[in-house]
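Data first, discussion second: the structure below is written as structure tokens.
Residue numbers (our numbering): 950 to 1314.
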């Protein structure tokens, strides 16, 4: 028999549970609640069979369930796609007591969460992430977003879900490259808040790089717990008295998002974040804020997992321009989440152009 599911509480103004375990779909009606009469099951084209199964499990007397297919990956996070889902909700008569269920990776939960946040100024959404990235990052925390031509995640809303069901059995079918890409967010959580994550990965890198690994469940749960603690005290990324607050979760993401944009979103999110993590470590080292051992540990752990740690040298002008529209930027000043030490995230505000260029040289090929 499978172990009992783990419930991780995300507190704050709209508390909810993230459930981690196996065979969790039978919990979905309970998370949705008895008042729901219509459900839109949003899923990517690649998960058509899974989306249909979830729809069928919800459909029945008193509840009309609709499967809503959207493009795979980042192509789903377009205004036109959101508009098509809004149109369907309108045609089906969705009211404020109805709900959206997201079945898929981070792009799907971002889109479905944004649709739920904006339909009638907010309806319930439940996330059923099917990727490691979705489980440990995108589905937890209430951030929803679409991409625009100007950059990634620039249009969005904070809309906590009613619940998140992380069924670990769904990870078995992931391509290895997609699973490993999600580990970048796991490693990030280790550096900003929970060193035990890094120890588990370093103890057996090969096991960590597969969903069948001995410590997969613990890595997922610890990563979610890190995010839950941060989000609970700083849902809307306004900062915290003792540190950067929710901005800490963007560690590695400023350069990472810029790489994604320059690549036309053809790079996996975790791959881009991996390069961003090494860049942030080098930036902190060169600024005299991070010790050599911790900075070196970034590259060692990420490269051992098979994640990229470098990017094209000639792309720096494009990347620098892309970072100027990063959500953490303030006016003309770039802001980076860095580490002052292991588990001590902080903000580096307006670093000198020469310092940025020197740090990028460390991750250039």
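Glycine included, each C-beta is placed from N, C-alpha and C at the ideal position.
Model, not experiment: these values are computed from the prediction.
Please report the straight-line C-alpha distance between residue i and residue j, rounded to a whole angstrom.
| i | j | result |
| --- | --- | --- |
| residue 1220 | residue 1009 | 41 Å |
| residue 1035 | residue 1052 | 17 Å |
| residue 1314 | residue 1270 | 19 Å |
| residue 1029 | residue 988 | 21 Å |
| residue 954 | residue 971 | 7 Å |
| residue 1253 | residue 1128 | 14 Å |
| residue 964 | residue 1058 | 18 Å |
| residue 1031 | residue 1081 | 24 Å |
| residue 1175 | residue 1245 | 23 Å |
| residue 1065 | residue 1072 | 5 Å |
| residue 1200 | residue 1172 | 14 Å |
| residue 1285 | residue 1086 | 19 Å |
| residue 1013 | residue 1207 | 41 Å |
| residue 960 | residue 1182 | 8 Å |
| residue 1215 | residue 1042 | 36 Å |
| residue 1134 | residue 1143 | 12 Å |
| residue 1211 | residue 1295 | 26 Å |
| residue 1045 | residue 985 | 9 Å |
| residue 1155 | residue 1312 | 24 Å |
| residue 1096 | residue 1060 | 10 Å |
| residue 1153 | residue 1170 | 18 Å |
| residue 1194 | residue 1137 | 15 Å |
| residue 1149 | residue 1165 | 9 Å |
| residue 1260 | residue 1266 | 13 Å |
| residue 1037 | residue 1016 | 10 Å |
| residue 1217 | residue 1209 | 8 Å |
| residue 962 | residue 994 | 34 Å |
| residue 1230 | residue 1141 | 12 Å |
| residue 1021 | residue 1118 | 21 Å |
| residue 1040 | residue 1291 | 52 Å |
| residue 1018 | residue 992 | 5 Å |
| residue 1228 | residue 1192 | 21 Å |
| residue 975 | residue 1110 | 18 Å |
| residue 1146 | residue 1011 | 44 Å |
Within 10 angstroms of the Cβ of residue i, are there 16 or more other Cβ atoms? Answer buried if so, exposed if not.
| i | result |
| --- | --- |
| residue 1112 | buried |
| residue 1298 | exposed |
| residue 982 | exposed |
| residue 1225 | buried |
| residue 1005 | exposed |
| residue 1122 | exposed |
| residue 952 | exposed |
| residue 1187 | exposed |
| residue 1094 | buried |
Thinking just about the alpha-carbon of each residue, which of the options is nearest to the one in residue i?
| i | options | result |
| --- | --- | --- |
| residue 999 | 1048, 984, 1078 | 1078 |
| residue 1054 | 1096, 1188, 996 | 996 |
| residue 1056 | 1024, 1065, 1070 | 1024 |
| residue 1075 | 1047, 1095, 1100 | 1047 |
| residue 1092 | 1106, 1198, 1256, 1083 | 1106 |
| residue 1130 | 1144, 1149, 1157 | 1157 |
| residue 1132 | 958, 1084, 1094, 1259 | 1084 |
| residue 1282 | 1290, 1265, 1268, 1302 | 1302 |
| residue 1139 | 1094, 1293, 1264, 1233 | 1293 |
| residue 1258 | 1264, 1247, 1268, 1266 | 1247 |
| residue 1264 | 1147, 1231, 1309 | 1309 |
| residue 1099 | 1019, 1238, 1027, 1192 | 1027 |
| residue 1068 | 1307, 1033, 1102 | 1033 |
| residue 1305 | 1102, 1273, 979, 1290 | 1273 |
| residue 1101 | 1307, 990, 1203, 1240 | 1203 |
| residue 1125 | 1255, 974, 1268 | 1255 |
| residue 1268 | 1184, 1103, 1205, 966 | 1205 |
For residue i, which beta-bridge partners are listed by DSSP?
| i | result |
| --- | --- |
| residue 983 | Answer by DSSP bridge pairing: none, since residue 983 is not bridged. |
| residue 1070 | Answer by DSSP bridge pairing: none, since residue 1070 is not bridged. |
| residue 1016 | 990 |
| residue 1106 | 1093 |
| residue 1200 | DSSP, once it has assigned bridges, lists no residue as partnering residue 1200. |
| residue 955 | 969 |
| residue 1285 | 1297 |
| residue 1030 | Looking at the DSSP assignment, residue 1030 forms no beta bridge with any residue, so it has no partner. |
| residue 1041 | Bridge partners of residue 1041: none, in fact. |
| residue 1313 | 1260 |
Can you tell me the Cβ-Cβ gap for residue i and residue j, rounded? I've got them flagged as a contact below 8 Å.
| i | j | result |
| --- | --- | --- |
| residue 1108 | residue 1062 | 6 Å |
| residue 1177 | residue 1089 | 7 Å |
| residue 1151 | residue 1250 | 6 Å |
| residue 977 | residue 956 | Not quite, the Cβ-Cβ distance comes to about 15 Å (not below 8 Å), so this is no contact. |
| residue 1242 | residue 1287 | In fact, because the Cβ distance is near 16 Å, the residues do not count as touching under 8 Å. |
| residue 1236 | residue 1300 | 7 Å |
| residue 980 | residue 1115 | Residue 980 to residue 1115, Cβ: 12 Å. No contact. |
| residue 1003 | residue 1050 | 7 Å |
Check whether the Cβ of residue i sits closer than 7 Å to any heavy atom of the ligand COA, and report yes or no.
| i | result |
| --- | --- |
| residue 1148 | The ligand COA is not among the ligands present in this structure, which contains no ligands whatsoever. |
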